[in-house]
Every structure is written in structure tokens, then in C-alpha cells.
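Data block below; observations after.
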Amino acid sequence: MAVCVAVIAKENYPLYIRSVPTENELKFHYMVHTSLDVVDEKISAMGKALVDQRELYLGLLYPTEDYKKRYGYVTNSKVKFVMVVDSSNTALRDNEIRSMFRKLHNSYTDVMCNPFYNPGDRIQSSRAFDSMVTSMMIQVC
Amino acid sequence: MADEALFLLLHNEMVSGVYKSAEQGEVENGRCITKLENMGFRVGQGLIERFTKDTARFKDELDIMKFICKDFWTTVFKKQIDNLRTNHQGIYVLQDNKFRLLTQMSAGKQYLEHASKYLAFTCGLIRGGLSNLGIKSIVTAEVSSMPACKFQVMIQKS
């Protein structure tokens, strides 16, 4: 299950971050923050890669000792999605994570195309986006 | 197809709407172009977010410009840009020999002075799209003979 979902703007400030209430929120903020460097590194390495490797989904960001895995995804508009996934009792397949990111991206696009949303603002008042993230957090647990 | 005409009609109404409100003093005169350009900017940002959702990551600046000329232009204006030229130092010239928003007006030089209002939105569209892809730019348009027009994109290096 996803325990934390974050959307980070082009300029590396958070647009949206939400985590499960059972654990320390600050810890997740820290986790997401440390992942950003890895995301940057992966993108710059990808620029030189072949066409078929230029996918938006970045995969597992780095191996960690604990059971919380971080996955990354970067849209063409350089908006970063970071997801922390708890894999203590269920091992998620890469494809499942990928489809979760696609769902997140679709919802983000809808938010972007909402005339009442100013690009670059925090995503605060979108109920559709909120409920989609909630569904992702419950879905797999 | 009716949906093709819809965008043209809406755009025409938008231009005349903005200019009408300028006559009534709601918008400062001379700010109309800026206003239309800003509308285009926001639309471009939204559109590019949607269009690039399923495409692979772009390789470089030229790759992005090609995308604008082909996919983006085809979706919005039903045709590709006819000619893309660049000096490889941040200046791109996009030439459209039959620009869709100008085809409704008589060809030649008769309405040349009015052409700029019908190009402002598109300039904003390009600028907004590029800015959402992480490229800051200045976009200007020029028309010498309708319905052909040129868009010049100057990339701002930060």
C-alpha cells in the first residue's frame, strides 16, 4: 500500500503531500525530500539513453534497508511524483506501481486543466484528486 | 465537421469580446494583445500537460520544438507547421503557409493591420506550452501576406 504520495513542482517545492495518519508525517516529508536528488540524477542520466528507455516512470529510486520503498515518476513538464510504498506484507509488482502512477498523472492533468487552479499553486481544493489519492492508499492494503 | 469550426468561432468571439470591452473602457486600450496572450498562455499550459501525458520523455530542446510543430499544431490547427528553422542558438522560426485562424479573412494585404490581434492568442499558446515544458521564451508573430505567417521563438537562457 502507498503510505505517502507527493507531487513536487518543477522548481522542487511540494504541490501536494499526503501520508497515512498513523505515522510521523515529518518522517515522510524527509523521505520524499531525500528522494529528489535521486530523481534528478536519474533524469539527467536518462537524457542520453535510447528512445525506448525514455519512459516517464523511473522505477524504484534506491534500495533501502527498511520495508518502505520509494518510487519515482517525472512528467514531461518536469513535475515529480514520489510515492512511498509499504511492502512489509505484500510485494507489489512493478506494473502495479506503474499503473498507480498513471492514475496519479491522469488526476494531476485534470487538476492542471481546471480553470480555477493556478499552475504552480498547491493542490488544496481538489476533491477529485484527494479521493483518488485516498483510494490509492487504501486500495492495496 | 462542426467541431473544427467551433474553435475558430470561439476564437473570433474572444478577440472581438476583448476589443469590445476595451471600447467600453473596462480594459485599458492597448492592453488587449497582452490580455489575449495571457489567455493563450494558460490554455497552452493545460494543453501541453494533456498532450504530453503519453509521450516519451523529450531528448532536448529541438525535440520539444518538433513536438510543437507536429503533434501540437496538428491537434490545434489541423495541420503541421510548414517550415521550422533554427540557428541552434535559441532562435526558432515556425512558418505556417496557411495559418488556420487567418484563413477566414481575405488573402493578401487588406486586413494586415488587424492580423496581430488574431495571432496574440497563438503566441501565448506556444509560450505557455514551452514554459510548462521548462523553457522560458519570447514569442512574436509576423505576417507579410495573409494567410501565411511566421512565429519567432526566442529562448531565454537562465
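Chains as they are written, first to last, in the numbering used here: chain A, 92 to 232; chain B, 1059 to 1216.
By construction, the Cβ of each residue, glycine as well, lies at the ideal position given by its N, Cα and C atoms.
Values in this document were obtained by computation on a predicted structure and should not be read as measured data.
Note that the stretch 206 to 214 of chain A does not touch the stretch 1140 to 1154 of chain B; fewer than 3 beta-carbon pairs, one per stretch, sit closer than 8 Å.
In the structure shown, the three-state DSSP call for Q215 (chain A) is coil. Considering only B:A1114, B:D1061, B:N1155 and B:F1109, the residue with the shortest C-alpha distance to D1129 (chain B) is B:F1109.
For a cut-off of 8 Å, the C-beta gap from V165 (chain A) to L147 (chain A) is around 6 Å, short enough to register as a contact.
Per DSSP, reduced to three states, the secondary structure at R1115 (chain B) is coil, with no helix or strand assignment. Burial state of T155 (chain A) is exposed, judged by a 10 Å Cβ sphere holding fewer than 16 other Cβ atoms. If the five residues before and after I1139 (chain B) are omitted, its C-beta is found closer than 6 Å to the C-beta atoms of C1127, W1131, L1152 and D1154, all from its own chain and listed in chain order. In the DSSP assignment, Q1210 (chain B) forms a beta bridge with B:V1151 and B:T1198.
Any Cβ of chain B closer than 8 Å to the Cβ of N167 (chain A) would place that residue at the interface, and such an atom is present. For K101 (chain A), at least one C-beta of chain B is nearer than 8 Å to its own C-beta. Nearest to T200 (chain A) by alpha-carbon distance, out of B:C1207, B:K1208, B:E1107 and B:H1069, is B:E1107. In the DSSP annotation of this structure, S178 (chain A) is not part of any alpha helix (DSSP H), being labelled neither H nor E. L147 (chain A) reaches chain B at R1115, counting residues in chain order whose Cβ is nearer than 7 Å.
In the three-state DSSP reduction, I134 (chain A) falls in the helix class (H, G or I). Within chain A, the residues T166, N167 and S168 have their CB atoms less than 8 Å from the CB of T1110 (chain B), given in chain order.
Beyond the five residues adjoining it in sequence on each side, S110 (chain A) comes within less than 7 Å, by CB distance, of V94, C95, E116 and F119 in the same chain, given in chain order. Put simply, of A:V129, A:Y158, A:F172 and A:E102 the residue whose alpha carbon is nearest the alpha carbon of H196 (chain A) is A:F172. In its chain, beyond the 5 residues on either side, K194, L195 and S198 have a beta carbon closer than 8 Å to the beta carbon of M223 (chain A).
As DSSP reads the structure, I99 (chain A) sits in a beta bridge with A:P105 and A:K171. Going by beta carbons, L1160 (chain B) and A1178 (chain B) fall outside the 8 Å limit.
Membership of V111 (chain A) in any beta strand (DSSP E) is not indicated, and neither H nor E is assigned to it by DSSP. For the C-beta of H196 (chain A), the chain B residues within less than 8 Å are, from N- to C-terminus, K1111. By the C-beta density criterion, S190 (chain A) is exposed, having fewer than 16 other C-beta atoms within 10 angstroms. T1132 (chain B) is not bridged by DSSP to any residue. Within the same chain, and ignoring the five residues on either side of K1215 (chain B) in sequence, the residues whose Cβ sits closer than 8 Å to its Cβ are G1148. For T1144 (chain B), the uninterrupted beta strand (DSSP E) segment begins and ends at N1141 to T1144. Cβ neighbours of F220 (chain A) within its own chain (closer than 8 Å, five residues either side excluded): Y107, S198, Y199, D201, V202 and I214.
Annotation: the continuous alpha helix (DSSP H) that includes L1105 (chain B) extends over C1090 to F1109.
At least one CB atom of chain B sits nearer than 8 Å to the CB of M203 (chain A). By the rule that beta-carbons nearer than 8 Å mark a contact, Q1214 (chain B) does not touch chain A. Counting only the Cα atoms, K1093 (chain B) lies some 38 Å from H124 (chain A).
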